[in-house]
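From first to last, the protein sequence lines are chains A and B.
Read in UniProt numbering, the first sequence has 2 at position 2, and its numbers run on one by one without any break.
Read in UniProt numbering, the second sequence has 157 at position 157, and its numbers run on one by one without any break.
Using N, Cα and C, we set each Cβ at its ideal position, and we do this for glycine too.
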Amino acid sequence: MKMRNLVLLAGLVSAPAIVVAQQTTLPSSAAPQAAPQAVEEEGLTGSVSDENEWQDLGIAIPAFPTNASVATAAEGGNTEALGRNVARVVFNDLKNNGLFKPVGPDALPAIAFPQVAAPAFDGWRGRSAEMLVQGFVRANGDGKLTVGCYLYDVALGSELARQGYVVKPEEWRRAAHKCADMVYSRLSGESPFFDSKIAYIAETGPKDRRRKQLAIMDSDGANHRFITNGQATALTPRYSPDYSQIVYLSYLNGAPRIYIYNIGTGQQKLVTSSNNPTFSPRWSPDGKYILYSMAIAGNTDIYRVSVGGGQSQRLTDSPGLDVGGSYSPDGSKIVFESDRSGGQQIYVMNADGSNQKRISFFGGRAATPEWSPRGDQIAFTNIAGNFRIGVTTPSGGSMRLLTDSWQDEAPTWSPNGRIIQFFRTERGSGKTGIWQVDLTGRNERKLNTPVDGSDPAWGPVLP
Amino acid sequence: MTRSLLIAGLAAATLTLGACASKPKTLPPEPGPAASNSYQGSTAATPAGPVAGSQADFIASVMSDTVNFDTDRYNIDAADQGILQSQAQWLGRYPNKSITIEGHADERGTRDYNIALGERRANSAKNYLVSVGIDPARINVVSYGKERPIAIGSDEESWARNRRAVTVTVN
Numbered sequence: 001m002k003m004r005n006l007v008l009l010a011g012l013v014s015a016p017a018i019v020v021a022q023q024t025t026l027p028s029s030a031a032p033q034a035a036p037q038a039v040e041e042e043g044l045t046g047s048v049s050d051e052n053e054w055q056d057l058g059i060a061i062p063a064f065p066t067n068a069s070v071a072t073a074a075e076g077g078n079t080e081a082l083g084r085n086v087a088r089v090v091f092n093d094l095k096n097n098g099l100f101k102p103v104g105p106d107a108l109p110a111i112a113f114p115q116v117a118a119p120a121f122d123g124w125r126g127r128s129a130e131m132l133v134q135g136f137v138r139a140n141g142d143g144k145l146t147v148g149c150y151l152y153d154v155a156l157g158s159e160l161a162r163q164g165y166v167v168k169p170e171e172w173r174r175a176a177h178k179c180a181d182m183v184y185s186r187l188s189g190e191s192p193f194f195d196s197k198i199a200y201i202a203e204t205g206p207k208d209r210r211r212k213q214l215a216i217m218d219s220d221g222a223n224h225r226f227i228t229n230g231q232a233t234a235l236t237p238r239y240s241p242d243y244s245q246i247v248y249l250s251y252l253n254g255a256p257r258i259y260i261y262n263i264g265t266g267q268q269k270l271v272t273s274s275n276n277p278t279f280s281p282r283w284s285p286d287g288k289y290i291l292y293s294m295a296i297a298g299n300t301d302i303y304r305v306s307v308g309g310g311q312s313q314r315l316t317d318s319p320g321l322d323v324g325g326s327y328s329p330d331g332s333k334i335v336f337e338s339d340r341s342g343g344q345q346i347y348v349m350n351a352d353g354s355n356q357k358r359i360s361f362f363g364g365r366a367a368t369p370e371w372s373p374r375g376d377q378i379a380f381t382n383i384a385g386n387f388r389i390g391v392t393t394p395s396g397g398s399m400r401l402l403t404d405s406w407q408d409e410a411p412t413w414s415p416n417g418r419i420i421q422f423f424r425t426e427r428g429s430g431k432t433g434i435w436q437v438d439l440t441g442r443n444e445r446k447l448n449t450p451v452d453g454s455d456p457a458w459g460p461v462l463p
Numbered sequence: 001m002t003r004s005l006l007i008a009g010l011a012a013a014t015l016t017l018g019a020c021a022s023k024p025k026t027l028p029p030e031p032g033p034a035a036s037n038s039y040q041g042s043t044a045a046t047p048a049g050p051v052a053g054s055q056a057d058f059i060a061s062v063m064s065d066t067v068n069f070d071t072d073r074y075n076i077d078a079a080d081q082g083i084l085q086s087q088a089q090w091l092g093r094y095p096n097k098s099i100t101i102e103g104h105a106d107e108r109g110t111r112d113y114n115i116a117l118g119e120r121r122a123n124s125a126k127n128y129l130v131s132v133g134i135d136p137a138r139i140n141v142v143s144y145g146k147e148r149p150i151a152i153g154s155d156e157e158s159w160a161r162n163r164r165a166v167t168v169t170v171n
């Protein structure tokens with residue numbers, strides 16, 4: 001797949017200057033004129049707390065108006081309906097992660113196009129909205145769409161941020177995710193994460209004859225697509241850093257082997273020509289190498305191979321099972337699990353395999369470590385009766401358990417390192433679902449997938 | 001198969017070939033080279049046993065096609081040795097047959113580790129067969145980790161049954 005870049009516009013309605021991937025903050029005086037207009041009385045449905053945490057901010061997100069409603073291939077059929085859908089996506093992004101208390105377009109009055117850059121602040125104050133997200137949709141002559149996104153502080157009556165995005169109609173959701181990312185980043189100080197994708201394993205069928213297919217979806221579950229048909233069991237996918245490829249395990253020819261699947265061509269290749277089973281693949285942060293586990297005569301060690309093929313480099317040589325592995329964001333270190341001490345525990349080593357040191361001394365076993373994209377935390381599966389998702393520092397300190405269920409395993413990080421996805425297995429039925437939890441452990445929710453899901457792998461934010 | 005059944009079968013292992021011969025069965029008159037994967041009894045007037053050298057014959061001849069393991073373990077204990085010896089005897093009788101040993105883990109483990117563990121268990125069974133004289137070239141190994149349980153409960157008995165290495169004949 002060719003990487004699709006979003007073009008961000010600075011100045012939006014008033015100024016046609018184009019910048020790439022740059023957030024701009026301009027005073028609203030540069031925006032088009034409009035007389036403030038009384039907003040109808042409908043009231044926010046979400047209550048606004050007084051805890052002064054940004055997580056509790058009330059954010060109003062009315063439908064994005066259009067300058068002229070014209071037909072578009074994007075969802076809704078015309079730019080007016082699309083504008084409502086864009087606002088809905090922004091609302092759902094901000095709502096579903098427990099970060100804010102947004103109110104969406106279906107509970108708010110519509111605004112007129114000129115109001116986008118000149119909000120009726122008095123009316124919004126009357127609704128107890130602290131923040132206001134407004135935007136617009138405009139069809140361009142070349143068939144593309146421009147989506148504008150503005151964030152206002154209602155109390156101050158000032159603009160906090162604005163961005164514009166030029167997208168093809170079929171990519172309209174990305175503009176909404178970029179808008180949600182702008183709001184999230186501006187209000188939380190954190191890096192964005194909504195405009196990203198997830199690879200996972202879609203599961204169907206009874207427990208003893210489970211069909212497992214490779215599937216992909218946007219971070220909010222939209223644009224869902226099955227990659228494999230399920231005839232061969234597929235497991236443990238990981239997106240390449242540029243989203244062009246997925247590395248995963250398949251029993252395609254009867255034995256577990258790692259394949260690199262090219263999304264654009266639909267072709268796949270074995271990651272090594274070895275006849276030994278290979279599994280548990282991970283990308284290096286620069287996308288040039290695959291870290292993987294290989295069993296030879298019953299003993300599993302960790303290896304590294306160039307994406308282009310060639311000789312593998314063996315990184316571990318203990319007689320125990322050395323499995324998995326996840327690079328630190330700078331690529332200098334690898335965290336992995338090993339049962340060399342008798343049970344699964346977490347170890348850190350240099351990228352060349354030197355200086356292997358155990359970091360987990362938490363009681364129970366510790367497995368499936370994943371290094372945060374921020375570098376400051378390692379997520380893992382703690383096995384002590386229940387299987388729970390935990391986090392610890394790269395030196396094994398400050399361990400915290402974030403979930404408590406019968407079997408939660410296989411954490412994967414959001415691109416900004418604030419949210420962890422994992423999969424939960426139900427005792428007895430064996431049914432699986434993808435869940436996510438934030439680092440506080442308080443905001444936990446199940447993702448909507450068409451069928452059961454496991455082995456989630458969250459990719460980076462799209463450029 | 002439960003652990004107690006396996007242990008009960010250990011005594012039979014010492015009977016060597018007699019253990020196989022003691023099973024009631026009727027050999028088909030003309031095995032023939034192409035008969036290995038087909039059953040001849042369905043239309044026959046008289047009931048026939050499994051085709052010699054077939055998977056069905058293997059199942060009928062050996063103490064078990066399965067050895068089981070304790071949690072996180074992969075050692076071949078005395079009961080497992082009896083089972084594997086009976087498999088070795090069958091392989092001795094059919095030197096052209098190859099096998100695949102499928103290694104499995106129970107659901108109470110993480111996915112990747114269970115693939116490694118199943119591989120280690122299957123290799124333990126393979127290594128034992130090799131130690132009693134079977135050519136390693138005849139033995140293929142594959143791990144299914146926790147992906148293919150035979151017992152679907154979430155309880156100790158089911159997990160014990162699922163921690164296993166299963167021998168399947170090939171060709």
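* What are the boundary residues of the beta strand (DSSP E) that includes B/S98? -> S98 to H104
* **CB of A/A202 within 8 angstroms of CB of A/T449, strictly** => yes
* If you drop the 5 nearest sequence neighbours on each side, which residues of the same chain put their C-beta closer than 6 angstroms to that of A/V183? -> V133 and L151
* Residues of the segment 226-251 of chain A with Cβ closer than 9 angstroms to any Cβ of chain B, in chain order -> T233, L235, T236, L249 and Y251
* **Pairwise C-alpha distance: B/L84 and B/D77** => 10 angstroms
* To do: Starting from A/A367, follow its DSSP beta bridges and name the residues at the other end.
  => A/T381
* Between A/T368 and chain B, is there a C-beta pair that is closer than 8 angstroms? -> yes
* Asked: Under the rule that 16 or more other beta-carbon atoms within 10 Å means buried, what is A/T265, buried or exposed?
  -> exposed
* Where A/K446 falls, given that 16 or more other Cβ within 10 Å makes a residue buried -> exposed
* Asked: Does B/T167 have its Cβ less than 8 angstroms from a Cβ in chain A?
  -> no
* Asked: Taking the alpha-carbon positions, what's the A/L145 to A/A112 distance?
  -> 19 angstroms
* chain A contact residues for B/D77, given Cβ-Cβ distances below 7 angstroms -> Those do not exist, as B/D77 stays about 17 angstroms from chain A at its closest Cβ, beyond 7 angstroms.
* Report yes or no: is there a C-beta of chain B within less than 8 angstroms of the C-beta of A/G430? => yes
* Length of the line joining the Cα atoms of A/S360 and A/S69 -> 59 angstroms
* Environment of A/Q313 [buried if 16+ CB atoms lie within 10 Å] -> exposed
* Best match in A/S250, A/K357, A/P109 and A/A295 for proximity to A/R127 [C-alpha to C-alpha] -> A/P109
* Return the chain-ordered list of same chain residues with a C-beta closer than 6 angstroms to the C-beta of A/A379, the five sequence neighbours on each side being excluded. => E370, V391, P411 and I420
* Within chain A, partners of B/L117 - CB distance below 8 angstroms -> L321
* **When A/Q213, A/S293 and A/F64 are compared against A/A139, the one with the closest alpha-carbon** => A/F64
* Asked: When the cut-off is 8 angstroms and only beta carbons count, does B/D65 lie next to chain A?
  -> no
* Asked: Of the residues B/G145, B/V141, B/P50 and B/R138, which one's Cα is nearest the Cα of B/L117?
  -> B/G145
* Is the beta carbon of B/P149 sitting closer than 8 angstroms to the one on B/E107? -> yes
* Just how far apart, CA to CA, sit A/L156 and A/A117? -> 15 angstroms
* To do: Determine whether the Cβ of B/I152 lies closer than 8 angstroms to any Cβ atom of chain A.
  => yes
* Answer yes or no: does any C-beta atom of chain B fall closer than 8 angstroms to that of A/P169? => no
* Is the shortest distance between the beta-carbon of A/L270 and the beta-carbons of chain B less than 8 angstroms? -> no
* Taking the alpha carbon of A/A73 as the point to measure from, which residue in A/P62, A/F91 and A/E170 has its own alpha carbon closest? -> A/E170
* To do: Return the chain-ordered list of same chain residues with a C-beta closer than 7 angstroms to the C-beta of A/P192, the five sequence neighbours on each side being excluded.
  => D181, Y184, S185, N416 and V461
* Interfacial residues, the segment 418-443 of chain A to chain B, with Cβ spacing under 8 angstroms -> T425, R427, G428 and G430
* **Interface residues of chain A facing B/D72 [CB-CB closer than 8 angstroms]** => D339 and G343
* So what's B/L17 in DSSP terms, helix, strand or just coil? -> Low confidence applies here, because B/L17 scores a pLDDT of 35, under 50, leaving its location unreliable and the question unanswered by this model.
* For the candidate residues A/T381, A/S398 and A/R400, whose alpha-carbon lies nearest to that of A/Q407? -> A/T381
* Have a look at the DSSP bridge pairing and note the partners of A/G453. => A/A202
* To do: May I have the straight-line CA-CA distance separating A/T336 from A/V89, to the nearest angstrom?
  => Sequence inspection shows Phe at residue 336 of chain A; the Thr mentioned does not correspond to that position. Taking the straight line from one Cα to the other gives about 37 angstroms.
* For A/Q282, which beta-bridge partners are listed by DSSP? -> Looking at the sequence provided, one finds Arg at residue 282 of chain A rather than Gln. Partner(s): A/L291.
* **Burial state of B/P95 (16 or more Cβ within 10 Å)** => exposed
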